[in-house]
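>
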Amino acid sequence: MAKPSLKELQFRQKLTGNTSELHKKLKDLHAELKDLEQETVDTKSLSSVTKQLIDSSIVNHKDKGVRIYAACCIADMLRLYAPDAPYNNTQLKVIFGLFVSELRHIADTVSAYANMYYYLLESLSVVKSIVLITDLKNAEELMTTLFRNVFDDIRPQQAKNVQICMSELLQHIIDESSQLPQEIVDIILAQFLHKHKFDNPAAYRLACDLGNNCAEKLQRYVFQYFSDIISTAGNGELSHKELEDFKTVHKLVIELNKSTPALLLNVIPQLEEELKLSDVTIRTLATRSLGEMFSEKTSQLATQYESTWKAWLQRRNDKIPQVRIAWIESLVDLIKNHAGLSKELSDGLSEKLVDPDEKVRAVACKIIGEFDYETSLHHIQKNTLIQVGHRCRDKKKSVSKEAITTLAVLYNQAYPEIENGTKASISHFGWMPSAILHAVYVNDNETFSFVDHAIYTTVFPPHGSAASRTQRLVTTFGALDDKGRTGFLSVLRRSVDARSHITAFLKLLETREKSNENGGSEEFEKKLGSIIKVISDRLPDPVKSSLLLYKYANMHDSTFLLLISDCMDSRRSLKEIRKAAKDTIARIENISPPTLEIFTILIQRISLTLINSEVISELIQNIAGSDENRQISGELLRSISPIFPAIFIDHLAEIMALLRDSTFVGASDALQTLAEFAKQFPKSVPADTKAKGTLRQFLTSGTVAQATDATIVLASITNNDAMCKDIAEDISEDLDSSPDLLKNLAILSQITLYSPQVFESVSGTVVAFIMNKLLLTNTKDQETRYDATEDWVEKSELDQYSLSKLMGLKVLVNRAIVLLESDPEAAHSAVRPVFQLLWAIIKQEGELVAEKNTNAVMKSHLRLSAARFVIKLTRGRPAYEKMVAVSDFSRLALVIQDPVYRARHGFATRIMKYLRAKELHIRYLAVLILVAHEPEVDWKAQVQKFLTIQSKSQAIDSNLMLNELTLARALHLLSNHPDFVIKVTDDDDKDVFGGALPTHSVQDLNLAATYIEFYLDTMANSENISLIFYVASLMKTVRFASPNDNTHNLYVLSDLAQYLIQERSRSHGWTLTSYPGQVKLPRELFAPLAQNDISVEISTKIYLPTIWVQAREHKTERKSKTLIERKMGQATKRRSRSPSPHSADDMEDIVGEKGASSPSRAKRPKKAKAAERVAEEPTRKMASRAAKAKATIYKDADSSDEEAEEEESDHESS
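At position 1017 of the sequence shown the residue is numbered 1017 (full-length UniProt numbering), and the sequence of numbers has no breaks.
Written out as structure tokens, the structure reads:
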């Protein structure tokens, strides 16, 4: 078959002439050349123009048209001659110089030659003639320029085919180059940086195409690029510029991993090596970079580079906190995008929640709050979230703030599913509000502000309909545990307190404005200072807050006063309250920016966004319904009514209408709500005959609680004494035979408080019945009702007659309280037999009946009630406090060591409650020191924590040496403690006062030492240790105030305390100096010794037995040696790693409550003289196992009834 004839070029003209002629000739030449095919062209015919085209007059012509047509013609020549170019190396260099310069214009889409520029680009890329550039000598600069120009000229708006040709053009060069210039690699990699990526997305896509299509060729260049920079960084400390470059490189790696991960084949191991370098900055960058790379949704790095993954995981225990933080901050997307890794990562995150460094803990808490609902539910373990709950009580505020915020956010995300009843959501998130509210037990203003913010803004967002907000309130409140509910109510009480204080503040300023004064009067300044102190003392930074409030007070801003008043208007809708709050914040930000922070906290507290009139209406409707919300709504109303009684004033008609409905099942809740309102606003209680009749029905047909609340309302109604008198007389005449004795006594207990003059008309009969019959007899049912081994049941499980006895005591105590206000002289006469009765119950361990047949359960309740009633009578009532003899108080103190856990727990709880409120004599602090031998560790820890907090507040609040004098009171209690005196010496030995001389065993002194050490643990510090030592030494300069008491024990304890204080000072590095001041000891306890030989002998005599001192020193020495040996052993095993999470400091977890029997005084011989005691091991030294087993039954019991059972009206607390 004959070969087809070859086509010859027909163009025969010389490429010369002026510009227009040359332009036309080149155009004609290009038109013919572009139609010729490589396979059919006679290349010999092309030779005439081949050399002409590369003439310098053409290649360097000033006309654009001439140059581009010449370039296109040369490109055609290369196509037609391929694979052998008709030019030598020098000529090709000129040619490609022309190509590079002409391709620069490819971005000019409006040029007359735009099509020609594209033709040139397409020809070079499709024919691949561009690869000839790679064979040129010294063409690196030309190639680099081409790459730079292409990346500069490519634009997103360019045609797709243009961008494809550009990409192919560069790919051909990369594929055919034996050695790419580093600058080209730099140009490509630069496109992945953030700025380039977004400034020119087309260039970024071009770089991605090159990276993915030429990965194998580019890998070694990329590796070398990073290797050079990383090796430089590893050689020493980086300069500022080097550090910035190093950070840029790591950002580049992250971007490459997103778009062209194949380029990093050899780079990932380099990053792994960085994780092991000593430079913290490099380690941190590597940890953060790898974390982000592992987190990519499509990333397989964790499986592809297993050793790198393991090395990265180990950075969670890096010795430097900032590296651990970098590791934590990578977890959000990593866990979200890679569910298979979540278990291992969640475990690591949980460890960081107990990290020794507060910043690490704070970041760990914060990060968990950044997970979405689905991720938190399915990939964050519940134990990890519980750890966040513990951190809500962290001592470091940065940690507790993040923990509280995180739990609030997670709960808010999960709430829709919780409301729908999704079990998984309820289990995983439903407990979080309780954990947040547990933080209030830290008792710190800053923590209060964190909790308040979370509650008001996130747990209960201030938006939505009244029905939806009420439903959320009911759902959330119903899921709170006991401590959570107490915490929630404390948030509400803080709101009420803030409203009260701000109202007083505003009224004071309004008074100034109305009087047109500048406020310079001494009386005004005194009042202003007082109210500002009250407000600022409840804010995170009292000193700063006080200064800012003073600053605001001087501004005379009446508009702000009106706005802030609107925030507290209970009759406004939520929408109006929110607008008022928003306007108030905007106003304060405008007129006084520095005060914005504190006013934001205050406005958040005082604004009725959580509990308002709309919510109350919904709750009242709920208790009238029959769904599951009824019970919780009733509990909410009962809880809210004592805190916000005024808010119910518009709802009294609704409540009374419900009470008249015989089918209404929420009567108890409604009555309690009404009773709380009546206590505060008796004049506003419905007083019509119909209302009175409705209420009186509950006295006969209602429960004990209903009758109690109905009585409060009836007795509060103005001019209702006649009805109350009828009720009291009817009851008093029928006490002996009444089948409703408990209910009738409950009614009388409230008439005593709210209509005392009516009760006095029947008091003789009632008091005689209670004291001479009720309390002194038992029924057969009482004797046999409880198992002989039982010593406690919950109050709700007691029989009616037992409850009646406790109610009878309440009637007597209430009467004594009311009489002190109305008739002090009569009160003293009335209270003496009551005190005698209470002391008898305590001293006789709950037994008042002559036949001694009171069961152990009832005796336990009587002991607790008697002790609590003593506190109730004396708190805030100095006249009654003075009636408590020292010996009686010492016996009362021993209730805190009652054999029954719930009895001693209940007594201590009441003491702490009233001490915290500063309503109880400070001497009760010494009573709490007796908890030192408490067998239940968690309960002891709670008391210890309370004492520590209390001691700090006492030190701040006054300069009365209250903490230090507590030691004197505690030593007095211990001196008279029945377990302390063990035996006496022979009759020939006499003490300095002529009495038999007691001695004390080592065990006995160790027992006493535990109390003193407990005191030092809670109240001693480097600043007051010298004063404490001085107080301890003063004990040897006094005797007991009662001359009949043997003071020898006090001197032993004085020496013991001094020894332990010195020991504590040595171990803590505290300096003991002579105290320069004077100390006044409690006169009711101590009297000074006469200055004679006896006092000298006492002061110089050492009362501590030598055998005890030697045993103590041996124990201390051995303990020190053991500690040193342990430390030495640990030192040999120490590795360079993060401290164990278990060694975290500055942390505090939520402590639970447990119950067990005290080993203290199970059976104590009555009225046994100290001198006759047998030298036996003290009864407190070993706990009774049987008693512990019994008490365990109650250790998780709800103690809320303990708190509530003696709570009375505001009349009592006023």
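Don't be surprised by glycine CBs; every beta carbon is placed ideally from N, CA and C.
1) Whose CA, out of S1095, D1004 and T1018, lies closest to the CA of I1107?
2) Where do the N-terminal and C-terminal ends of the beta strand (DSSP E) with V931 fall, by residue?
3) Rounded to a whole number of angstroms, what is the C-alpha to C-alpha distance between G369 and T406?
4) Using CA atoms only, rank isn't needed, just tell me which of S755, G693, K527 and K843 is closest to T718.
5) Give the secondary structure of A403 by DSSP, where H, G and I count as helix, E and B as strand, and everything else as coil.
6) Please identify the residue among K395, L377 and I404 whose C-alpha is closest to the C-alpha of C365.
7) Measuring alpha carbon to alpha carbon, tell me which residue in Y221, Y786 and R288 is nearest L334.
8) With a threshold of 8 Å on Cβ separation, who are the neighbours of K595 within its own chain once the five nearest residues in sequence on each side are excluded?
9) Going by the DSSP bridge assignment, what does R485 pair with across the sheet?
10) What separation, rounded to the nearest whole angstrom, lies between the Cα atoms of L1060 and A1032?
11) Out of N778, R660, A707 and S684, state which residue places its alpha-carbon closest to the alpha-carbon of Q672.
12) Taking just the CA atoms, how far does N257 sit from V323?
13) Going straight from the alpha carbon of K773 to that of W792, what length do you get?
14) By the DSSP assignment, the alpha helix (DSSP H) with F677 in it spans what residues?
15) Give me the Cα-Cα distance between A788 and N778, rounded to the nearest whole angstrom.
16) Find out if the Cβ-Cβ distance for the pair P824, A879 is shorter than 8 Å.
17) Just to check my reading of the structure: Y69 and M143 have Cβ atoms closer than 8 Å, yes? What is that Cβ distance to the nearest angstrom?
18) With distances taken from CA atoms, which of D541, L377, H972 and R472 is nearest E446?
19) Alpha carbon to alpha carbon, what distance is there between T50 and R12?
20) Per DSSP, what kind of secondary structure is F980 in: helix, strand or coil?
21) Whole-angstrom Cβ separation of L480 and S434, contact assumed at under 8 Å?
22) Please look up how many angstroms separate the CB atoms of Y901 and E936, rounded, as I've assumed it's under 8 Å.
23) Could you tell me which of F198, Q270, K352 and K683 sits nearest to V222, measuring between CA atoms?
24) Does the region 457–472 come into contact with the region 504–513, if we say contact requires no fewer than three beta-carbon pairs (one atom in each stretch) closer than 8 Å?
25) May I ask you to list the residues that DSSP assigns as paired with F1086?
26) Which same chain residues, not among the five before or five after Q10, have their C-beta less than 7 Å away from its C-beta?
27) Expressed to the nearest angstrom, what Euclidean distance is found between the alpha-carbon atoms of G808 and A1041?
28) Please classify L15: does DSSP put it in a helix, a strand, or coil?
29) Less than 8 Å between the CB atoms is what I'm expecting for L80 and L26, so what's the real figure, rounded?
30) Closer than 7 Å by C-beta to M1147: which residues in its own chain qualify, once you throw out the five before and the five after it? Chain order, please.
31) For V49, which of helix, strand or coil comes out of DSSP?
32) Answer yes or no: do D669 and R638 have a C-beta to C-beta separation smaller than 8 Å?
33) Only counting the same chain, and skipping five residues up and downstream in sequence, which positions put a Cβ closer than 6 Å to that of R910?
34) Under three-state DSSP, which class holds K7?
35) Would you kindly work out how many angstroms separate the C-alpha atoms of L6 and T43, rounded to a whole number?
36) Using the Cβ count rule (16 or more neighbours within 10 Å means buried), how would you classify residue 1263?
Short version:
1) Within the sequence shown, numbered from 1, the residue matching residue 1107 stands at position 1107. The option with the nearest alpha carbon to I1107 is D1004.
2) In the sequence shown, counting from the first residue as 1, residue 931 sits at position 931. Looking at the DSSP string, V931 is not in any beta strand (DSSP E), and its letter there is neither H nor E.
3) For the purposes of this step, residue 369 is taken as the residue at position 369 of the sequence shown. For the purposes of this step, residue 406 is taken as the residue at position 406 of the sequence shown. If I take the Cα positions, the gap works out to 4 Å.
4) Translated into positions along the sequence shown, residue 718 becomes position 718. Checked all of S755, G693, K527 and K843; the closest Cα to T718 is S755.
5) Counting from one through the sequence shown, the residue named residue 403 turns up at place 403. Reduced to three states, the DSSP call for A403 is helix.
6) Taking the sequence shown and counting its residues from 1, one reaches residue 365 at position 365. Here the closest residue by C-alpha is I404.
7) Counting from 1 along the sequence shown, the entry for residue 334 is found at position 334. Comparing Cα-Cα distances from L334 to each of Y221, Y786 and R288, the minimum goes to R288.
8) For the purposes of this step, residue 595 is taken as residue 595 along the sequence shown, with counting starting at 1. For clarity, residue 595 is Thr in the given sequence; the question names Lys instead. Contacts found: L548, L549, K551, Y552 and I588.
9) As a position in the sequence shown, residue 485 is number 485, starting the count at 1. Answer is none; R485 lacks a bridge partner.
10) One-based indexing of the sequence shown puts residue 1060 at position 1060. One-based indexing of the sequence shown puts residue 1032 at position 1032. Roughly 10 Å between the two C-alpha positions.
11) Here residue 672 is taken as the residue at index 672 of the sequence shown, counted from 1. The residue with the shortest Cα to Cα distance from Q672 is A707.
12) The residue given as residue 323 occupies position 323 in the sequence shown. The residue given as residue 257 occupies position 257 in the sequence shown. Cα to Cα, V323 sits roughly 21 Å from N257.
13) Within the sequence shown, the letter at position 773 stands for residue 773. Within the sequence shown, the letter at position 792 stands for residue 792. So the alpha carbons of these two residues sit roughly 24 Å apart.
14) If you number the sequence shown from 1, residue 677 lands on position 677. Residues A667 to Q680.
15) As a working note, residue 788 is residue 788 in the sequence shown. As a working note, residue 778 is residue 778 in the sequence shown. Their backbone Cα atoms lie some 16 Å apart in a straight line.
16) Against the sequence shown, residue 824 aligns to sequence position 824. Against the sequence shown, residue 879 aligns to sequence position 879. Against a cut-off of 8 Å, the Cβ pair of A879 and P824 comes out as a contact.
17) For this step, residue 69 is matched to residue 69 along the sequence shown. For this step, residue 143 is matched to residue 143 along the sequence shown. Rounded, the Cβ-Cβ distance is 25 Å, inconsistent with contact.
18) Residue mapping note: residue 446 aligns to position 446 of the sequence shown, counting from 1. Comparing Cα positions, the closest option is D541.
19) Here residue 12 refers to the residue found at position 12 of the sequence shown. Here residue 50 refers to the residue found at position 50 of the sequence shown. C-alpha separation (whole angstroms): 12 Å.
20) The sequence position of residue 980 within the sequence shown is 980, counting from 1. The answer is coil: DSSP assigns F980 none of H, G, I, E or B.
21) For the purposes of this step, residue 480 is taken as residue 480 along the sequence shown, with counting starting at 1. For the purposes of this step, residue 434 is taken as residue 434 along the sequence shown, with counting starting at 1. That pair is a contact at about 5 Å.
22) Locating residue 901 in the sequence shown gives position 901, counting from the first residue. Locating residue 936 in the sequence shown gives position 936, counting from the first residue. Right, their Cβ atoms sit about 7 Å apart.
23) Position 222 of the sequence shown, counted from the first residue, corresponds to residue 222. It is Q270 whose Cα lies nearest to the Cα of V222.
24) no
25) Here residue 1086 refers to the residue found at position 1086 of the sequence shown. Partner(s): F1040.
26) Counted from its first residue, the sequence shown places residue 10 at position 10. E32, listed in sequence order.
27) Within the sequence shown, numbered from 1, the residue matching residue 808 stands at position 808. Within the sequence shown, numbered from 1, the residue matching residue 1041 stands at position 1041. Whole-angstrom Cα-Cα distance: 36 Å.
28) Locating residue 15 in the sequence shown gives position 15, counting from the first residue. Coil at L15, not helix or strand.
29) Locating residue 80 in the sequence shown gives position 80, counting from the first residue. Locating residue 26 in the sequence shown gives position 26, counting from the first residue. With 8 Å as the limit, L80 and L26 do not qualify as a contact, their Cβ atoms being about 16 Å apart.
30) Translated into the one-based positions of the sequence shown, residue 1147 becomes position 1147. Unreliable positioning characterises M1147 in this predicted model, as indicated by a pLDDT of 37, which lies under 50. The coordinate reading is nonetheless provided below. Here the set comprises V354, D394 and K395.
31) The residue labelled residue 49 in the question sits at position 49 within the sequence shown. In this structure, V49 counts as helix in the three-state DSSP scheme.
32) Taking the sequence shown and counting its residues from 1, one reaches residue 669 at position 669. Taking the sequence shown and counting its residues from 1, one reaches residue 638 at position 638. Yes, the Cβ-Cβ distance between D669 and R638 is below 8 Å.
33) For the purposes of this step, residue 910 is taken as residue 910 along the sequence shown, with counting starting at 1. Correct list, in chain order: R868 and I871.
34) The residue given as residue 7 occupies position 7 in the sequence shown. K7 falls in the strand class under three-state DSSP.
35) Translated into positions along the sequence shown, residue 6 becomes position 6. Translated into positions along the sequence shown, residue 43 becomes position 43. C-alpha separation (whole angstroms): 9 Å.
36) The first residue shown for the chain is 1 and the last is 1214, placing residue 1263 beyond what the model contains.
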